[in-house]
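Read through the structure below, which is laid out as structure tokens, and then see the notes.
Protein chains in written order, with the numbering used here: chain A, 13 to 157; chain B, 13 to 157; chain C, 13 to 157; chain D, 13 to 157.
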């Protein structure tokens, strides 16, 4: 059975190997089966005209957390693709330390469901989100449908 | 009545003044009342481990298009905040030229609704999205609720 | 190639054979490949405490329209199951004649996407919705997972 | 401070006074501030052609649970209207006893957020949902916009 450290190492390796994730600057702080927690620093250049962190950035952050949570369940022989992302913005986010959590609700034979949150350094809930994922056997021919 | 050029100028000025939007690198290609079209170049560093453009980036792009479409309707005395963003991923996106469209469905006294799309250079539909926005009178005290 | 009348007959037969649909009281007014339009009468007993048609009823109506639109594309050998339903309520609905439209956005090998609307007798848009469907080969063993 | 019994009585009175809710046949089993649990019996005539409870019915059930949860927070002087309903279908539902839960995530000055679930008699999670609500001061002029 997978333990936390194996999953944590696997997720960190994946993030380092992905150009987008590496550039985005997240750190994986916790990983268990179906459960992931990330740390991320919102910088001044993530602010919109109102001085708040842009909603697209928060959507990206929580999508990464949920996708990695799905990742801990599907195992190496299957891949997952986001088919649906829903994000509710509860409170404005300001630059500074944020935390994102992703939790698997269910992974079936073809479809996976996860939920996620973003909180600020004081623990205030800023975002709640849900994601639906298509889960397929890894293809060797590179086709994507 | 606003004409296209006035709206186009206003949106371009807003984008230039927002640290996040300026860094993201979009261009406003069309703007009419309730209707906005953006151009954006997905680069190699937007790819995930599978070589596809990360879904969070596409969510950001279509959220910007929808928010700017709402912007063309609410006028200078009101501000809008995203309360809900829903994104459906229809096909994988690869690095290259993308186009995002935002269209207002309705703006009421307190809530606005918009829909959006992302297409690739060949016109294939990659993303469909919807957004809900809280529309309020601009505050002068800087409070955000 | 399927023509309208064949699809129309197929959808009407399905509705008559489904206990829920038959009781709900919809009529299929138009059907083409990927495109369905339904008529439905909201009655006094569909009102909530505020005298408006309950949102769950409108969600049901637009889900039926979208599901039938998917049905026109998947053909007899595949079945579809709703995995995600998103409904935006633009304006309140009152008892009387309503119309619901469903349109397919894309049907892939495993997942289908549709969008839908509900309008009142004067053509005012009351609801916009999106649905995601899992599309699978019909099983003969009765299993659902 | 409101206690459970006062809230429970208020919700039961509201349900009895609403034509739609009374006909739908739910019972309020638990109510605390921000937290509601309902019981409901899915009957044979709620089945679709595949013998499963129609998704629109489950959307209605969870929307009622979330709306009542919002109701426990907004108090008598404010009314709430659903602006957005998102439903994820995790597993098929068969006729029999179902339970729906609604929980408030946040109620701000203008917008409220809730989440909900539907489970079957064995405790299996069938549906997860989220709702966004416009919260306004009760109007005395009967206007809805």
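By construction, the Cβ of each residue, glycine as well, lies at the ideal position given by its N, Cα and C atoms.
Within the same chain, Cβ atoms closer than 7 Å to the Cβ of residue 82 (chain D) are found at 92, 116, 119, 124, 126, 145, the five residues on either side in sequence being excluded.
Burial of residue 111 (chain B) is indicated by the presence of at least 16 other C-beta atoms within 10 angstroms of its C-beta. Per DSSP, the continuous alpha helix (DSSP H) segment holding residue 16 (chain A) begins and ends at 16-29. Looking at A:49, A:138, A:31, the one whose alpha-carbon comes closest to that of residue 107 (chain A) is A:138. Of the residues assessed, residue 35 (chain C) falls on the exposed side of the cut-off, its CB having fewer than 16 other CB atoms within 10 angstroms. Counted as a single uninterrupted DSSP element, the stretch harbouring residue 82 (chain A) is not any beta strand (DSSP E) but the alpha helix (DSSP H) occupying residues 67-86. A direct Cα-to-Cα measurement between residue 43 (chain A) and residue 75 (chain A) gives close to 15 Å. Here DSSP, grouped into helix, strand and coil, assigns residue 56 (chain C) to helix. Taken in chain order, the members of the stretch 90-112 of chain D whose beta-carbon sits within less than 8 Å of a beta-carbon on chain B are 95, 96, 98. Under the three-state reduction of DSSP, residue 46 (chain D) is assigned to coil, being neither helix nor strand. Shortest Cα-Cα distance from residue 33 (chain A) to any of A:45, A:51, A:47 involves A:51. Ranked by how close their Cα comes to the Cα of residue 38 (chain C), the residues C:133, C:53, C:60 have C:53 in first place. When DSSP states are grouped into helix, strand and coil, residue 34 (chain C) belongs to the helix group. In the structure shown, residue 120 (chain D) falls within a coil segment according to DSSP collapsed to helix, strand and coil.
For residue 144 (chain B), the chain C residues whose Cβ falls inside 8 Å of its Cβ are 100, in order along the chain. In the DSSP assignment, residue 97 (chain C) falls within the beta strand (DSSP E) that extends over 90-101.
With a threshold of 9 Å between beta carbons, residue 62 (chain A) makes contact with chain B. Judged by DSSP secondary structure, residue 140 (chain D) falls within the beta strand (DSSP E) whose first and last residues are 137-149.
With respect to chain A, the C-beta atom of residue 75 (chain B) has a partner C-beta closer than 9 Å. DSSP places residue 109 (chain D) in the strand class (E or B) of the three-state scheme. Only exposed fits residue 87 (chain C), as fewer than 16 other CB atoms lie within 10 angstroms of its CB. The CB of residue 123 (chain A) comes closer than 7 Å to the CB of 95, 146 in chain C, given here in chain order. Look at residue 126 (chain C) here: in three-state DSSP terms it is strand. For residue 71 (chain A), the chain B residues whose Cβ falls inside 8 Å of its Cβ are 68, 71, 72, 75, 97, 99, in order along the chain.
From the beta-carbon of residue 87 (chain D), no residue of chain C is found nearer than 8 Å; the closest lies around 15 Å away. Between the stretch 16-30 of chain D and the stretch 98-105 of chain D, the count of C-beta pairs closer than 8 Å stays below three; the two stretches do not touch. Short of 6 Å from the beta carbon of residue 97 (chain C), and not among the five residues preceding or following it, lie these beta carbons of its own chain, in chain order: 75, 143. Contact between residue 105 (chain A) and residue 70 (chain A) holds, since their C-beta atoms are separated by about 6 Å, short of 8 Å. Secondary structure at residue 133 (chain C): coil, using DSSP grouped into helix, strand and coil. When DSSP reads this structure, residue 51 (chain B) sits in a beta bridge with B:39, B:111.
Here residue 134 (chain A) is exposed. Its C-beta has fewer than 16 other C-beta atoms within 10 Å. Under a criterion of Cβ atoms nearer than 9 Å, the residues of chain B adjacent to residue 117 (chain C) are, in order, 100, 102, 137, 140. Within its own chain, the residues whose Cβ lies closer than 7 Å to the Cβ of residue 55 (chain D), once the five positions on either side in sequence are excluded, are 107, listed in chain order. No Cβ of chain B is located within less than 9 Å of the beta carbon of residue 79 (chain C).
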